[in-house]
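> Counting with our numbering, you get residues 57 to 269 for the letters of the sequence shown.
From the three backbone atoms N, C-alpha and C, an ideal C-beta is built for every residue, glycine too.
Pasting a structure below so you can have a look.
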Amino acid sequence: MKATKIIFATGNRGKLREAAEILGEGFELLTPADFGITEDIPETGTTLEENSLQKAEYLHSLLGCDCFADDTGLEVDALGGAPGVYTARYAGESKDFNLNMDKVLSELEALETEACAETGPVSRRARFRSVVTLILGGEVHQFEGTMEGTIARAKSGRGGFGYDPIFIPDEYPGLTAADITEEQKNEISHRGKALRAMAAYLFSIRKGDEDKG
């Protein structure tokens, strides 16, 4: 059966490679750049779900083709779910992740300093959460994936990106997401889980079409 073409609303080559590996040969992934779309896609929502949907709808309105988009955030329990939708620009519009990490660490330290014996220790529980929105045949579908863990007390590791140097996945106690290999991270990653959920749905649709044919 001919590969199904679908557009991924991203310019990030790493995300594109990960999605292509998960979807496999049955799908041909294209990007907005393949259609001459190079402007930033709007992200003005107040939740990951809203931003993911907004990006997918923006692309679908321009091209009218099947497409999907993702949005990801770090949610720290003690910070009320922050940075959340503001993950990339938590410390300012420069999107400097060293500054972003410093802000998260300093805010947790401040909470621990303020905490008294009666309230107990401050939770460092956190998670990365990804929401993928797929528009297929004009219908909207959303898929979610999370990677649970805790916030470290200091940066560690040379790999990964974003907040990885301060995030300790539950699956690798004592190691940050920047300490483990890319392969290890991909096996447990939030985006990978969301993309695999979307892939399972697409495969079920594809199989149904093949059975009808």
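Just the C-alpha distance for A253 and K61, rounded to the nearest angstrom, thanks.
18 Å
> If I measure Cβ to Cβ from V178 and keep anything under 8 Å in the same chain, skipping five residues before and after, which residues do I get?
Counting only Cβ-Cβ distances below 8 Å, and skipping sequence neighbours, we find A134, L164, L167, E168 and A171.
> State the CB to CB distance for the pair R183 and G205, rounded to an integer number of angstroms; the pair is presumed to be in contact (CB under 8 Å).
7 Å
> Going by the DSSP bridge assignment, what does L86 pair with across the sheet?
I63
> Quick one, are the C-beta atoms of G201 and A250 less than 8 Å apart?
yes
> Tell me which same chain residues have a C-beta within less than 6 Å of the C-beta of L109, skipping the five on either side of it?
T189
> Whole angstroms are fine: how far does the CA of F83 sit from the CA of C123?
12 Å
> Using a 10 Å radius around the Cβ and a threshold of 16 neighbouring Cβ atoms, would you call T237 buried or exposed?
exposed
> CB-CB under 7 Å to N107, same chain, minus the five flanking residues each way: which ones, in chain order?
E99, G101, D127 and V141
> Measuring alpha carbon to alpha carbon, tell me which residue in M157, H197 and E95 is nearest I261.
Nearest in C-alpha terms to I261, of all of M157, H197 and E95, is H197.
> Which full runs of the beta strand (DSSP E) of 3+ residues lie inside the region 146-228, going along the chain?
181-192, 195-207 and 223-225
> Can you tell me which residues form a DSSP beta bridge with M141?
What sits at residue 141 in the sequence shown is Val, not Met. Bridge partners of V141: none, in fact.
> In angstroms with no decimal places, state the Cα-to-Cα distance between S212 and E243.
One C-alpha to the other measures close to 20 Å.
> Alpha carbon to alpha carbon, what distance is there between K241 and R181?
When the Cα atoms are used, R181 and K241 turn out to be separated by approximately 18 Å.
> Just verifying my parser: in three-state terms, what is the DSSP assignment at E95?
coil
> By the three-class DSSP mapping on this structure, what secondary structure does D235 have?
Under the three-state reduction of DSSP output, D235 falls in the coil class, being neither helix nor strand.
> Where does G70 fall in DSSP's three states?
helix
> If you drop the 5 nearest sequence neighbours on each side, which residues of the same chain put their C-beta closer than 7 Å to that of K151?
A144 and R145
> Buried or exposed, going by whether 16 or more other CB atoms sit within 10 Å of the CB of K263?
Burial call: exposed.
> With a CB to CB cut of under 7 Å and the five nearest residues on each side skipped, what residues in its chain are close to L119?
I63 and F91
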